[in-house]
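Chemist:
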Amino acid sequence: MKSDSSLSTIVKALEEVGAFVEEVRDSEVYFRVTRENVKAAARALYSLGAYLKTCAGVDERELSGLFAVYYIFGLDDHGVDAVLRVLVPQDDPWTVSVVPDVPAADWCELEVRDLLGIDFRGRLTKRLVLPEDWPEGVYPLRKEFKYDEKPPRVLREELSEEVGIPVGPYHPALHEPEYFELYVEGERVVDVAYRGFHVHRGIEKLAESQRFTYKQVPFLAERICGICGFVHSSCYVMAVEKAAGIVVPERAEFIRSIVLEVERLHSHLLWLGVAAHLLGYDAGFMHAWRIREQVMVLAEYLTGSRKTYGINLIGGVRKDINTEKIDKVLKTITDLRKEFTELVKAMLAVPQIKSRASGTGVLTKAEARALSVVGPVARASGLYRDVRKDYPYLAYKRVSFKVPLYTEGDNLARLLVRVDEVFESIEIIKQLIDMLPGGSVVVEEYDIPSGRRAVAAIEAPRGEDVHFIITGVGRPYRWRVRAPTYQNIPALRAMLRGTPLADAPLTIASIDPCFSCTDRVTVLDVRSGRKSFIRLKQGV
Amino acid sequence: MLYSVAAAVLSLALAPVYDGLERKIRAAIHTRIGPPILQTWYDILKLFTKEIVVPVGGAWYTLVTALELLALIASSAILYHISSYGLGHATLLESVAFIVLTSVVATLAIVRAVSQNNVFSVVGGFREFSLMLSAEPFLAVSFLLLASGAGSLASKSIATAVLAVSSYVISGRVPYDIAEAEPELASGVNIELAGPLLGLATISSVLKKLVSATLTALALISFVGLSGLSSLTAVVIATPVVWLVHTVVSTILGRSRVDLAIRFLYVLLFFLSSTLVLSFGLGL
Amino acid sequence: MSVAKILEIALRTGRVTRRYPYEPPLLTPEFRGAVKIDPSKCWGCGACVKVCPPNALTLKPAGKEATLEYFVGRCIFCGMCAEVCPAKAIEVTKEFELSATSLEDLKSRVIHRLARCSICGAPIWTEAELRTVVKSSPIAEEYYLVCPKCRKERFAKAAMLRLGAGSE
Amino acid sequence: MSSVNIAKALRAIKKSVWVYHLNSGSCNACDIEVLDALTPYFDVERFGIKLVGSPRHADVILFTGPVTRESLPKVVKTIKAMPRPRLILVLGSCGVGGGIWWDTYSTLGGFKKLEEILRENGVEVDRVVYVPGCPVRPEAIIYGMLLLLGLVEQKSKRVEVVASEG
Chain A
15 MKSDSSLSTI VKALEEVGAF VEEVRDSEVY FRVTRENVKA AARALYSLGA
65 YLKTCAGVDE RELSGLFAVY YIFGLDDHGV DAVLRVLVPQ DDPWTVSVVP
115 DVPAADWCEL EVRDLLGIDF RGRLTKRLVL PEDWPEGVYP LRKEFKYDEK
165 PPRVLREELS EEVGIPVGPY HPALHEPEYF ELYVEGERVV DVAYRGFHVH
215 RGIEKLAESQ RFTYKQVPFL AERICGICGF VHSSCYVMAV EKAAGIVVPE
265 RAEFIRSIVL EVERLHSHLL WLGVAAHLLG YDAGFMHAWR IREQVMVLAE
315 YLTGSRKTYG INLIGGVRKD INTEKIDKVL KTITDLRKEF TELVKAMLAV
365 PQIKSRASGT GVLTKAEARA LSVVGPVARA SGLYRDVRKD YPYLAYKRVS
415 FKVPLYTEGD NLARLLVRVD EVFESIEIIK QLIDMLPGGS VVVEEYDIPS
465 GRRAVAAIEA PRGEDVHFII TGVGRPYRWR VRAPTYQNIP ALRAMLRGTP
515 LADAPLTIAS IDPCFSCTDR VTVLDVRSGR KSFIRLKQGV
Chain B
270 MLYSVAAAVL SLALAPVYDG LERKIRAAIH TRIGPPILQT WYDILKLFTK
320 EIVVPVGGAW YTLVTALELL ALIASSAILY HISSYGLGHA TLLESVAFIV
370 LTSVVATLAI VRAVSQNNVF SVVGGFREFS LMLSAEPFLA VSFLLLASGA
420 GSLASKSIAT AVLAVSSYVI SGRVPYDIAE AEPELASGVN IELAGPLLGL
470 ATISSVLKKL VSATLTALAL ISFVGLSGLS SLTAVVIATP VVWLVHTVVS
520 TILGRSRVDL AIRFLYVLLF FLSSTLVLSF GLGL
Chain C
-10 MSVAKILEIA LRTGRVTRRY PYEPPLLTPE FRGAVKIDPS KCWGCGACVK
40 VCPPNALTLK PAGKEATLEY FVGRCIFCGM CAEVCPAKAI EVTKEFELSA
90 TSLEDLKSRV IHRLARCSIC GAPIWTEAEL RTVVKSSPIA EEYYLVCPKC
140 RKERFAKAAM LRLGAGSE
Chain D
908 MSSVNIAKAL RAIKKSVWVY HLNSGSCNAC DIEVLDALTP YFDVERFGIK
958 LVGSPRHADV ILFTGPVTRE SLPKVVKTIK AMPRPRLILV LGSCGVGGGI
1008 WWDTYSTLGG FKKLEEILRE NGVEVDRVVY VPGCPVRPEA IIYGMLLLLG
1058 LVEQKSKRVE VVASEG
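Residue numbers (the numbering used here), protein chains in the order written: chain A, 15 to 554; chain B, 270 to 553; chain C, -10 to 157; chain D, 908 to 1073.
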């Protein structure tokens, strides 16, 4: 993938703006850049076609006496990641923001500001990370902060003034505490404010605490999200293996890929059921989940648990697959294919589903590109983006499959992308089972040197999941997770504007939001400050 | 008269059972077992054992809920009274009283919804209003037409179709349950209710379904031309059958959106009504 | 009408409901439920405590005893403890009907008596662990009943003596 | 109304249990299993259990998550809105014992701690049943619910054994 010429183009472009190469590892190039030059460097990368994967603040004072901010850019055309490392002195912690050129950095810069106390110049900053009652000047990701410190709490009455139609924080459509405030005119949404990050559990900090070791973190990573947890644990172990140069047995890679696809099947079926429920078609919900139940049973049979599978280890997997399991997999996916085909036909024949899903929650291709959306949301807006193709990992380089692409960008297109992906996943599992190599499933002997860095990405059911790791002694020094929903939520604002109120829940659900993924470390308020008043007119 | 009262009382007592049956059948279409047939009764009885929480609005509010229930009982009583001699022979007074009562029920429900200090409830109330505006006039016209006994078989059939559709709409089922649409409105008009008041509202919603099913059953039985006790019995028996059809229809459809619902209803009902007028004009 | 297709599917499928608790649950042979510690096998070595990600297993010394506590209410059912247990004392069961009205009912404890250092009297390892060690490689009591600190001191003293550092 | 006749209340709801699902910052897995319990294979509607959209309608709250700092005020508000008796089924290892993040800076560490805060704010909880599981299986949710209603016996018992003398 990585050709020397494309590498030298990138290096040359960045050296022109004062950055220099720090390290080249596998498909990652690390650049050092001063805080004054970071904006120009980011601009240079953007003009080469890069997109921002995420940024991360690291307290490197123990290593170099400085703070560091990493900007991770993906150049998917070249299959290369370019990482900018900006060093920030601890007694004068500020850097220049890249947001004016790279809007996608908005959230992660604010996260760095609030969790590490680094100020960003040249952009609007506001205190919004962490709960409102969190004291000033306490930064959880600084090393001197203990992971189990609990600053005094003030129980405040919240959301007393309700200006819009509150959807949440407890709302039957979401099943997760999130808060959207919809500003409506009649029954049409004119704007939306998002108040999220209720599920901040301090996972990144916990992983670098004394309580955890490299081997235990996969179980923590799995609990970032109860739907796509295996993606997170796989991505974590992949990042560690990459950093430490551990070669995983091929059979383990295949098993991981099979389980990842099983997880995608259950996730998409779950989503389809929820979408049907939101459209008032409970029969669709029940039948989708009835079909899904067999996938859950299969997952338990393969891994030992219906969810949070717990089979990932650094160096491989804990459970092997035998012939009985292979038979069960093949039988389940054959039945699934048949039943799913029928169900989709029946569902799409329901007039309300077609009429309410099509033309609502539209995200154009241009908007999708500008907002760097990922996964089915991107593919439904005509953006060809799939980590399994762009950065092939595990066993995906060995199988052939199609990436479903729709151009309408509406709720129906996102539904159809997921439907197509179910069929593709079934095909992928079949191929993987056919080619399953022999051998062991885990390497026991390995060594993880400290101070290594790596970026790993996996195509989760919801889109690209990125993990960035800096190794430490016995445990990660810094572990940064960027879940797909993190990237997709900002697109909701574009999608919801002009959508009928009745379709707002479906539109919110159509990005298949997973707030627990997004919220691991942050609390965020994008309330625009603009208070449009509601006019509740009669429905017509 | 006595028979009509007996039929009305029987149907009122059976309505929650029909509702339980509806849930059972819906469950069967979902490939699951579902609740016991008496489940709706259990729910109502439980709600009445709960403490009374009077929402903002207080006594006025309780009054509206009780009045709504009374109006529903009265309208079903009228229907069973009419049943004893067939829809074609209803007096003008009876027909008008029925129409007025149905509008009163709808109006009270809307009043109840919008008088609450809750956005969801208010939105739900407005939706109910728009829905009522689109269904109620057609219900009235077709009912009065059938009650007058005039017109040919063709025009009667069309009027029955209009009545069947508009009475389905007032039953508050999918796709027209948009007033209490759970996903976006968190049970909408009922959100602020609790305990016995919610119990009353639950009975009201069951009775709405009863009135809707009885209405269609009555119109259909009228074609057969029965009268007296046999007509009454036929209506009482046909009611759960219509209820069953309503159940299946509501299970295989999704929820509509207020604008789509109204557009669809207007198109359908206007089409049917113009055919009706045409058939009258041509004297078919 | 394909809208009605769902009826056909439902008719063909029938009812799939498991009448749990009157019918057995939908368990597979691989299911990992709560773990069970066999007190007759446990040494109290604490390997499981070290590996347990949520700290559902704890080993706390108190006076003459050390208590290995398993709090199933925090367990994540990963089964890593059973994998690392050197005594094979931990078994992963299929138990999932764990509900309880109080948190105390969710705790199970194995109490180990602590052996004391014959020199300084400080608690060292559990008696069960010492027994196992002695069984596998017999050593004299004067060695195994001495805590590492005292052993180090004793060794230092002996070495000094050998070096002729004297008799102060 | 400080004392509530729990036995009477439980009898009243034995055949009709309306539940409200309250997520205090869980990972979603338990929440998905709650939904799963409604679907054909488990079908809790056969016990008269129904998911409702407002805490005012609820007989029982299904509580998941370790209670994050951010969700705390809203959780308190929601439980307050529930009429007495307040019956709560705490689902999953997070709610029961705080889960894998029981001691981090941004979680409270489970329902026990929340109960203290609720009491400080004058919100009484009448009965709690803890259901461990990570995530809880749908069957475990059913079992917990039946235990709350007093229809099954509790299996878990506090065990304390002295290790064998060898």
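Yeah, the Cβ is synthetic: ideal placement off N, Cα and C, and Gly gets one too.
Should the segment -1 to 14 of chain C be regarded as contacting the segment 358 to 376 of chain A, the criterion being three or more beta carbon pairs within less than 8 angstroms?
Modeler: Flag = no, the segment -1 to 14 of chain C and the segment 358 to 376 of chain A do not touch.
Chemist: Expressed to the nearest angstrom, what Euclidean distance is found between the alpha-carbon atoms of L28 (chain A) and V116 (chain A)?
Modeler: Here residue 28 (chain A) is taken as the residue at index 14 of the first sequence, counted from 1. Here residue 116 (chain A) is taken as the residue at index 102 of the first sequence, counted from 1. Whole-angstrom Cα-Cα distance: 16 angstroms.
Chemist: Mind listing the chain A neighbours of P973 (chain D)? Cutoff is C-beta to C-beta under 9 angstroms, in chain order.
Modeler: For this step, residue 973 (chain D) is matched to residue 66 along the fourth sequence. Correct list: R215.
Chemist: Using a threshold of 8 angstroms, state whether the C-beta atoms of P28 (chain C) and P112 (chain C) are closer than that.
Modeler: Stepping through the third sequence from its first residue, residue 28 (chain C) is reached at position 39. Stepping through the third sequence from its first residue, residue 112 (chain C) is reached at position 123. Cβ atoms of P28 (chain C) and P112 (chain C): not closer than 8 angstroms.
Chemist: Nearest-angstrom Cα distance between T47 (chain C) and E58 (chain C)?
Modeler: In the third sequence, the residue the question calls residue 47 (chain C) occupies position 58. In the third sequence, the residue the question calls residue 58 (chain C) occupies position 69. Rounded to the nearest angstrom, the two C-alpha atoms are 5 angstroms apart.
Chemist: Taking any Cβ of chain D, which residues in the segment -2 to 14 of chain C have a Cβ under 7 angstroms from it, in chain order?
Modeler: So the list reads V5, T6, R7, Y9, P10, P14, given in the order they occur along the chain.
Chemist: Between I570 (chain A) and E275 (chain A), what straight-line distance do the alpha-carbon atoms span, to the nearest angstrom?
Modeler: In the structure as shown, chain A begins at 15 and stops at 554. Residue 570 (chain A) is therefore absent and cannot be evaluated.
Chemist: State the start and end residues of the unbroken alpha helix (DSSP H) segment that holds L274 (chain A).
Modeler: Taking the first residue of the first sequence as 1, we reach residue 274 (chain A) at position 260. Element bounds for L274 (chain A): 264 to 292.
Chemist: If we ignore side chains and look at the alpha-carbon of each, how far apart do H282 (chain A) and L92 (chain C) end up?
Modeler: As a first step, residue 282 (chain A) must be located in the first sequence, where it is residue number 268. As a first step, residue 92 (chain C) must be located in the third sequence, where it is residue number 103. So the two alpha carbons sit approximately 36 angstroms from each other.
Chemist: Identify whether D95 (chain A) lies in helix, strand or coil by the three-state DSSP scheme.
Modeler: Counted from its first residue, the first sequence places residue 95 (chain A) at position 81. Strand.
Chemist: So, helix, strand or coil for F415 (chain A), using DSSP?
Modeler: Numbered from its first residue, the first sequence carries residue 415 (chain A) at position 401. Here F415 (chain A) sits in coil by DSSP.
Chemist: So is the beta-carbon of S491 (chain B) under 7 angstroms away from any non-hydrogen atom of the ligand SAM?
Modeler: Absence of the ligand SAM is noted for the structure shown, with no ligands found whatsoever.
Chemist: Between D1010 (chain D) and chain A, is the shortest Cβ-Cβ distance under 8 angstroms, so that the two count as touching?
Modeler: Working through the fourth sequence from its first residue, we reach residue 1010 (chain D) at position 103. Yes, D1010 (chain D) counts as interfacial toward chain A.
Chemist: Give the DSSP-derived three-state secondary structure of W148 (chain A) in the structure shown.
Modeler: Mapped onto the first sequence, residue 148 (chain A) falls at position 134. The answer is coil: DSSP assigns W148 (chain A) none of H, G, I, E or B.
Chemist: What do you reckon, are the CB atoms on T82 (chain C) and V24 (chain C) nearer than 8 angstroms?
Modeler: The residue given as residue 82 (chain C) occupies position 93 in the third sequence. The residue given as residue 24 (chain C) occupies position 35 in the third sequence. Cβ distance < 8 angstroms, so T82 (chain C) and V24 (chain C) count as in contact.
Chemist: What do you get for C1041 (chain D), buried or exposed, if any count of 16 or more other CB atoms within 10 angstroms of its CB means buried?
Modeler: As a first step, residue 1041 (chain D) is located in the fourth sequence; it is residue number 134 there, counting from the start. Under this definition C1041 (chain D) is a buried residue.
Chemist: Counting only beta-carbon separations shorter than 8 angstroms, does D528 (chain B) have a partner in chain A?
Modeler: Here residue 528 (chain B) is taken as the residue at index 259 of the second sequence, counted from 1. Closer than 8 angstroms to some Cβ of chain A, the Cβ of D528 (chain B) qualifies, so yes.
Chemist: When you compare only the Cα positions, how much space is there between A340 (chain B) and V373 (chain B)?
Modeler: One-based indexing of the second sequence puts residue 340 (chain B) at position 71. One-based indexing of the second sequence puts residue 373 (chain B) at position 104. Going from the Cα of A340 (chain B) to the Cα of V373 (chain B) covers about 7 angstroms.
Chemist: Please go through the same chain and pick out, in chain order, the residues whose beta-carbon is closer than 7 angstroms to the beta-carbon of E441 (chain A), but skip the five residues on each side of it.
Modeler: Locating residue 441 (chain A) in the first sequence gives position 427, counting from the first residue. Hits under 7 angstroms: F415.
Chemist: For F34 (chain A), count neighbouring C-beta atoms within 10 Å of its own C-beta (all shown protein chains included) and say buried if the count is 16 or more, exposed if not.
Modeler: Counting from 1 along the first sequence, the entry for residue 34 (chain A) is found at position 20. With fewer than 16 other Cβ atoms within 10 Å, it is exposed.
Chemist: Name the chain D residues whose beta carbon is nearer than 7 angstroms to that of E320 (chain B)?
Modeler: Here residue 320 (chain B) is taken as the residue at index 51 of the second sequence, counted from 1. Under the 7 angstroms cutoff, chain D gives P990, R991.
Chemist: Could you name the residues of the segment 507 to 524 of chain A whose beta carbon sits closer than 7 angstroms to any beta carbon of chain B, in the order they occur along the chain?
Modeler: Listed by position along the chain: P514, L515, A516, D517, A518, P519.
Chemist: Of the residues A:L98, A:S223, A:G131, A:D95, which one's Cα is nearest the Cα of W108 (chain A)?
Modeler: As a first step, residue 108 (chain A) is located in the first sequence; it is residue number 94 there, counting from the start. If we check each option's Cα against that of W108 (chain A), A:G131 comes out closest.
Chemist: Given that R292 (chain B) touches chain A, what residues does it touch there, using C-beta distances under 7 angstroms?
Modeler: Translated into the one-based positions of the second sequence, residue 292 (chain B) becomes position 23. Near R292 (chain B) there are no residues of chain A at all, since even the closest Cβ is about 11 angstroms away, more than 7 angstroms.
Chemist: Grab the span of the beta strand (DSSP E) containing E54 (chain C) for me, first residue to last.
Modeler: Counting from one through the third sequence, the residue named residue 54 (chain C) turns up at place 65. Where E54 (chain C) is concerned, the enclosing beta strand (DSSP E) stretches over 54 to 60.
Chemist: If you follow the beta strand (DSSP E) that L89 (chain A) is part of, which residue opens it and which one closes it?
Modeler: In the first sequence, the residue the question calls residue 89 (chain A) occupies position 75. Segment 80 to 89, the beta strand (DSSP E) holding L89 (chain A).
Chemist: At a Cβ threshold of 8 angstroms, is L522 (chain B) touching chain A?
Modeler: The residue labelled residue 522 (chain B) in the question sits at position 253 within the second sequence. Yes, L522 (chain B) counts as interfacial toward chain A.
Chemist: Is D448 (chain A) helix, strand or coil by DSSP?
Modeler: For this step, residue 448 (chain A) is matched to residue 434 along the first sequence. D448 (chain A): helix per DSSP, three-state reduction.
Chemist: In angstroms, rounded to a whole number, what distance separates the CA positions of F229 (chain A) and I328 (chain A)?
Modeler: By 1-based counting over the first sequence, the position of residue 229 (chain A) is 215. By 1-based counting over the first sequence, the position of residue 328 (chain A) is 314. Note that residue 229 (chain A) is Lys in the sequence shown here, rather than Phe. Computed Cα separation, rounded: 7 angstroms.
Chemist: Could you list which residues in chain C have their beta carbon closer than 8 angstroms to that of R304 (chain A), in chain order?
Modeler: Taking the first residue of the first sequence as position 1, residue 304 (chain A) is located at position 290. Near R304 (chain A) (Cβ distances below 8 angstroms), the residues of chain C are T2, V5.
Chemist: Starting from C249 (chain A) and walking both ways along the alpha helix (DSSP H), at which residues does that stretch end?
Modeler: Working through the first sequence from its first residue, we reach residue 249 (chain A) at position 235. Its alpha helix (DSSP H) spans residues 243 to 258.
Chemist: Rounded to whole angstroms, what's the CA-CA distance from I108 (chain C) to A147 (chain C)? Just pull it up for me.
Modeler: Counting from 1 along the third sequence, the entry for residue 108 (chain C) is found at position 119. Counting from 1 along the third sequence, the entry for residue 147 (chain C) is found at position 158. Roughly 15 angstroms separates the two Cα atoms.
Chemist: Measure the C-alpha to C-alpha separation of Y311 (chain B) and V1030 (chain D) and round it to an integer number of angstroms.
Modeler: Within the second sequence, numbered from 1, the residue matching residue 311 (chain B) stands at position 42. Within the fourth sequence, numbered from 1, the residue matching residue 1030 (chain D) stands at position 123. The straight-line gap from Cα to Cα measures roughly 29 angstroms.
Chemist: If we count Cβ pairs, one from each stretch, closer than 8 angstroms, do we get three or more for the segment 300 to 311 of chain B versus the segment 435 to 449 of chain B?
Modeler: No: fewer than three Cβ pairs fall under 8 angstroms.
Chemist: May I ask you to report which of helix, strand or coil DSSP gives A78 (chain C)?
Modeler: Taking the first residue of the third sequence as 1, we reach residue 78 (chain C) at position 89. The answer is coil: DSSP assigns A78 (chain C) none of H, G, I, E or B.
Chemist: Less than 8 angstroms between the beta carbons of A503 (chain B) and L513 (chain B), yes or no?
Modeler: To locate residue 503 (chain B), count along the second sequence from 1; it is residue 234. To locate residue 513 (chain B), count along the second sequence from 1; it is residue 244. Their beta carbons are not under 8 angstroms apart, which means A503 (chain B) does not touch L513 (chain B) by this criterion.
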